[in-house]
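Position in the sequence shown counted from 1, then plus 137, gives you the working numbering. In this text, a Cβ means the ideal position worked out from N, Cα and C, and glycines have one as well. These numbers come from a predicted model, not from an experiment. Here's the structure, in structure tokens; my notes come after.
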Amino acid sequence: MTVRARIEAKLTQAFAPIRLEVIDESHLHAGHAGARPEGETHFRVRLVSQAFSGVGRVDRHRRVNALLAEELAGPVHALAIDARAPEEPGRP
């Protein structure tokens, strides 16, 4: 299973998102710290979930980071998170 697929599976199981995008941006970081030639090191996550209603931005990030602790300790060097509740405007 790819790193991207593991991230998607964990986020789906934990947050039952209405919308989920896991974007591998590793190619944008070639030659930078933490980058590997095979990629799957830098990701952007955009998710909308009812689980985030009434939860502040910092706590949302903490929840996502805790859930993906194994990936962040290993193959993932950087993770950008945009986590929103369904009632919030804007992206994702």
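Note that the C-beta distance between F152 and A206 is not below 8 Å.
When rounded, the separation of the alpha-carbon atoms in E162 and V201 is 18 Å. A distance below 8 Å separates the beta carbons of R143 and E208. Distance between F180 and L216, taken at the CA atoms: about 5 Å. The three-state reading of DSSP puts A188 in helix, counting H, G and I together.
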